[in-house]
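J.: So for the sequence shown, this note's numbering puts the first residue at 198; every next one is plus one. Even glycine gets a Cβ: it sits at the ideal position worked out from N, Cα and C.
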Amino acid sequence: TTWTRLPQDDGVPVDSTTGRLTSEGYGVQDTALGITYRAYGAPFNYNFSATRNWRAAFNYVTGSHQMKFGMTLVEGERIVRNWMTASDTQLIFNNGRPIGIRRYSTPYAEKENLEADLGVFLQDTWTMRRLTANVGVRFDYMNQSVPAQDAPAGTWVPARSWAAVKNVPNWKDISPRLGLVYDLFGTGKTAVKASLSRYVAQSATSFAALNNPITTSINSSTQNWTDVNGDFIPQLNELSGVQSPGPVGSAVATTSYDEAIRQGWGVRRNNWEVSAGVQHELLPRVGTEVSYFRRSQGHFTASDNLLVTPSDFQQFCVTAPTDPRLPMSGQQICGLYDVVPAKAGQVRNLVTFNDASKQRSEVWQGVDVNVNARLGSRTFLQGGLSTGRSEYKNCSAIDNPGQFVNGSVTTPTQYCEWTTPFQTQYKLVTGHTFPLDIQVSVAFQSIPGREIQANWAATNAVIAPSLGRNLAGSTTYNVALVEPGTLFGDRINQVDLRLSKLLRTGSKRIRLMADVYNALNASPIVTLNSTYGPNWQRPTQILVGRFLKVGAQLDF
């Protein structure tokens, strides 16, 4: 497959050496408005990926056993070619005022190979009187690599080359699967179910991309900019401070991965799932099922900057903006830290496990209730609800004593442990078949609104009075003004319709279908701008308006 992220074509020729358009304007990111304009913020790219899939299975069935043995194998490669326009540079504004620039190490191409994503499984379904047991085990093997690469010179970087990297990662896992079903009364109307399973995270070439020497180097860096002459074009004499997190295109890798998470048995990101439930026939052709689920994530990682310690950070406070929509309106927010100037731009991250100290966990628990009914031979009804909540804990601040690391996101330690409220989805589907094989069905679903965040890009003007200086590590400081899991948008309600007609011609059947999605033409908000400022909570996406889809299905 191929896909692209390209700048608007203005008829300007493409530079044959770098593949960049030569006269596009600077892209601008406004940290206060939460928008990027004039040009795409991150590098433009051209993507290519290819996979080859192999699958085999063997079944053996006896009176009480149904054994199955099989394997799946996927292999392939990915290439992402990156470039920027306007001198490999993006401008950073705050509410229309220049405050910094972002340099990029473009042009370059990232290449990764999926050597093997292998799964071998064995399972047996065994029936013993009223008990049916499904017992299985799966072996997973994942191997990815990075081939040798080179890149031409750009605005801020010389021509570069990198050696190949093997076994990133080399993972091996054995995961059990157990399912039990028991006919409670021996009548076939009430069944008690339970299961225990372990699953490993899918990766494709994503882990190899994280360990690619290109991506572990510094491919973008920010620097303070004061537009002295007011022309909105950065000159070198208008730039101040150090580049953060360091000089762009640095040949020294800023991130490395602990061998303990790159290779070995049972080190891959995984989750355990436990379920239990009861299925019961209430009336003839009317059944209900109630199930409980618990999913627990494991093997979290975090980045530890080996060149800094918590003592290398200086604490400061800010006053939250006055806004009745904010829970902390006008209040002082403390426990924020900035690296001391002497350590600014010094980065050598080691990614390692973060769950050994029990300071990191992520658990989801939920309940599903479903009802299925056949009312006569022509009418059906299906409906139910699904409700659940997530519990997060991440209270191990690695370097910055005021933040914990959640992947690539940093969040204040005051919010290091939180639980979302129960989020409930409702679904109902009903249909009726009329004479002449005409079927009409209606589907309704109600989904909880998205979580609302307020990420405030505090500037030096707000921070300096408390810190006693300008920020050393960035042009702005991202402050979370809303506690995670506390503020949500309106529910998303949707009604869909389907009309179908069945035609029979001998042994062949043709079903003609017409679907009307969002039949009531509702326009609930799907996503919001999460950057606090003039555009905070401004909708960025609403539910797609009413539209018609027609189709046909041929069975022969």
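#1: I'd like to know whether the C-beta atoms of Thr-617 and Ser-587 end up nearer to each other than 8 Å.
#2: Determine the direct distance from the alpha carbon of Phe-290 to that of Asn-421, and round the result to whole angstroms.
#3: Looking at the unbroken beta strand (DSSP E) that takes in Val-515, where does it start and where does it end?
#4: Under a Cβ-count criterion, where at least 16 other Cβ atoms within 10 Å of its own Cβ denotes burial, should Cys-613 be classed as buried or exposed?
#5: Mind checking whether Gly-742 and Asn-718 have CB atoms under 8 Å apart?
#6: Compute the Euclidean distance between the alpha carbons of Ile-415 and Asn-467, then round it to the nearest angstrom.
#7: To which residues does DSSP link Ala-570 through a beta bridge?
#8: What is the DSSP secondary structure of Thr-167, reduced to helix, strand or coil?
#9: Looking at the secondary structure, which residues open and close the beta strand (DSSP E) in which Ser-643 lies?
#10: In this structure, how does DSSP classify Val-606 when only helix, strand and coil are distinguished?
#11: In chain order, which alpha helix (DSSP H) runs of at least 4 residues are fully inside the stretch 226-251?
#12: Going by the beta-carbon positions, is the gap between Gln-476 and Ala-388 smaller than 8 Å?
#13: For Leu-745, which residues in the same chain have their Cβ closer than 6 Å to its Cβ, ignoring the five residues on either side in sequence?
#14: Is the beta carbon of Ile-722 sitting closer than 8 Å to the one on Pro-731?
#15: Which whole-angstrom value is the C-beta distance of Lys-308 and Val-343, which I expect to be below 8 Å?
#16: Run through DSSP, which three-state label would Tyr-729 get?
#17: Okay, do the stretch 504-524 and the stretch 663-677 touch, 3+ Cβ pairs below 8 Å being the bar?
#18: Bridge partners of Gly-748, per DSSP?
#19: Touching or not, the stretch 435-446 and the stretch 528-547, by the rule of three or more beta carbon pairs under 8 Å?
#20: Are the C-beta of Ser-663 and some C-beta of chain E separated by less than 8 Å?
#21: For Ile-689 and Gly-580, I'd like the C-alpha separation in whole angstroms.
#22: DSSP three-state call for Ala-253: helix, strand or coil?
#23: Taking the beta strand (DSSP E) that Asn-340 falls in, what are its first and last residues?
#24: Could you check the C-alpha separation between Ser-638 and Gly-573 for me, to the nearest Å?
#25: What separation, rounded to the nearest whole angstrom, lies between the Cα atoms of Asn-256 and Gly-628?
#26: Evaluate contact between the stretch 373-382 and the stretch 327-334, counting only Cβ atoms and requiring at least three cross-stretch pairs below 8 Å.
#27: Would a C-beta distance cut-off of 8 Å place Thr-576 and Phe-619 closer than the cut-off?
#28: Using a threshold of 8 Å, state whether the C-beta atoms of Val-548 and Ile-411 are closer than that.
#29: For Leu-625, I'd like the list of residues in its chain whose CB is within less than 6 Å of its CB, leaving aside the five on either flank, ordered along the chain.
#30: Exposed or buried, what is Ala-517 when buried is set at 16 or more other beta-carbons lying within 10 Å of its beta-carbon?
#31: If you pair each beta-carbon of the stretch 433-442 with each one of the stretch 393-408, do three or more pairs fall below 8 Å?
#32: DSSP three-state label for Glu-680, please.
#33: Going by C-alpha distance, which of Val-365, Thr-451 and Leu-578 is nearest Arg-482?
#34: Indicate the three-state DSSP secondary structure (helix, strand or coil) for Tyr-612 in the structure shown.
#35: At 3 residues or longer, what runs of the beta strand (DSSP E) sit wholly inside the stretch 401-478?
#36: If you pair each beta-carbon of the stretch 646-665 with each one of the stretch 590-598, do three or more pairs fall below 8 Å?
T.: The short version:
#1: Reading the sequence shown from its first residue, position 420 is the one you call residue 617. Reading the sequence shown from its first residue, position 390 is the one you call residue 587. Result yes, Cβ atoms of Thr-617 and Ser-587 sit closer than 8 Å.
#2: Numbered from its first residue, the sequence shown carries residue 421 at position 224. Numbered from its first residue, the sequence shown carries residue 290 at position 93. Their Cα atoms are separated by approximately 11 Å.
#3: In the sequence shown, counting from the first residue as 1, residue 515 sits at position 318. Here the beta strand (DSSP E) through Val-515 covers 510-516.
#4: Within the sequence shown, numbered from 1, the residue matching residue 613 stands at position 416. Flag for Cys-613 reads buried.
#5: In the sequence shown, the residue the question calls residue 742 occupies position 545. In the sequence shown, the residue the question calls residue 718 occupies position 521. Their beta carbons are under 8 Å apart, which means Gly-742 touches Asn-718 by this criterion.
#6: For the purposes of this step, residue 415 is taken as the residue at position 218 of the sequence shown. For the purposes of this step, residue 467 is taken as the residue at position 270 of the sequence shown. Approximately 29 Å between the Cα atoms of the pair.
#7: What you label residue 570 is simply residue 373 of the sequence shown in a count that begins at 1. In the DSSP output, where bridge partners are listed per residue, Ala-570 has Val-483 and Leu-578.
#8: Residue 167 falls outside the range modelled here, since the chain spans only 198 to 753, and no answer is possible.
#9: Against the sequence shown, residue 643 aligns to sequence position 446. Per DSSP, Ser-643 belongs to the beta strand (DSSP E) from 635-644.
#10: As a first step, residue 606 must be located in the sequence shown, where it is residue number 409. With a pLDDT of only 43 at Val-606, under the threshold of 50, the placement of this residue in the model should not be trusted; the figure read from the coordinates follows. Strand, per DSSP.
#11: none
#12: Position 279 of the sequence shown, counted from the first residue, corresponds to residue 476. Position 191 of the sequence shown, counted from the first residue, corresponds to residue 388. In contact: Gln-476 and Ala-388 (Cβ atoms closer than 8 Å).
#13: In the sequence shown, the residue the question calls residue 745 occupies position 548. Within the same chain, Leu-745 has close Cβ partners Val-713.
#14: Residue mapping note: residue 722 aligns to position 525 of the sequence shown, counting from 1. Residue mapping note: residue 731 aligns to position 534 of the sequence shown, counting from 1. Result no, Cβ atoms of Ile-722 and Pro-731 do not sit closer than 8 Å.
#15: In the sequence shown, counting from the first residue as 1, residue 308 sits at position 111. In the sequence shown, counting from the first residue as 1, residue 343 sits at position 146. Yes, Lys-308 and Val-343 are in contact; Cβ-Cβ is about 7 Å, under 8 Å.
#16: In the sequence shown, the residue the question calls residue 729 occupies position 532. Three-state DSSP puts Tyr-729 in coil, outside helix and strand.
#17: By the Cβ test, the stretch 504-524 is in contact with the stretch 663-677, since at least three Cβ pairs between them sit closer than 8 Å.
#18: On the sequence shown, residue 748 is found 551 positions in, with the first residue counted as 1. Gly-748 is bridged to Met-710.
#19: Yes, since at least three Cβ pairs between the stretch 435-446 and the stretch 528-547 fall closer than 8 Å, the two stretches touch.
#20: No chain E is part of this structure, which consists of one protein chain only.
#21: What you label residue 689 is simply residue 492 of the sequence shown in a count that begins at 1. What you label residue 580 is simply residue 383 of the sequence shown in a count that begins at 1. If I take the Cα positions, the gap works out to 17 Å.
#22: Against the sequence shown, residue 253 aligns to sequence position 56. Ala-253: strand per DSSP, three-state reduction.
#23: Taking the first residue of the sequence shown as position 1, residue 340 is located at position 143. 328-342 is the extent of the beta strand (DSSP E) around Asn-340.
#24: Along the sequence shown, read from residue 1 onward, the residue named residue 638 stands at position 441. Along the sequence shown, read from residue 1 onward, the residue named residue 573 stands at position 376. One C-alpha to the other measures close to 16 Å.
#25: Indexing the sequence shown from 1 puts residue 256 at position 59. Indexing the sequence shown from 1 puts residue 628 at position 431. Near 37 Å, if we compare the C-alpha coordinates of Gly-628 and Asn-256.
#26: yes
#27: Against the sequence shown, residue 576 aligns to sequence position 379. Against the sequence shown, residue 619 aligns to sequence position 422. Result no, Cβ atoms of Thr-576 and Phe-619 do not sit closer than 8 Å.
#28: As a first step, residue 548 is located in the sequence shown; it is residue number 351 there, counting from the start. As a first step, residue 411 is located in the sequence shown; it is residue number 214 there, counting from the start. Contact flag unset, no.
#29: Along the sequence shown, one-based indexing puts residue 625 at 428. Within the same chain, Leu-625 has close Cβ partners Gly-580 and Phe-641.
#30: Position 320 of the sequence shown, counting from 1, holds the residue named residue 517. Per the 10 Å Cβ criterion, buried.
#31: no
#32: Taking the sequence shown and counting its residues from 1, the one referred to as residue 680 is at position 483. DSSP places Glu-680 outside both helix and strand once states are collapsed to three, so it counts as coil.
#33: For the purposes of this step, residue 482 is taken as the residue at position 285 of the sequence shown. Distance from the Cα of Arg-482 is smallest, within the candidate group Val-365, Thr-451 and Leu-578, for Leu-578.
#34: Here residue 612 refers to the residue found at position 415 when the sequence shown is read from its first residue. Looking at Tyr-612 - three-state DSSP - the assignment turns out to be helix.
#35: 417-422, 436-441, 452-454 and 460-462
#36: no
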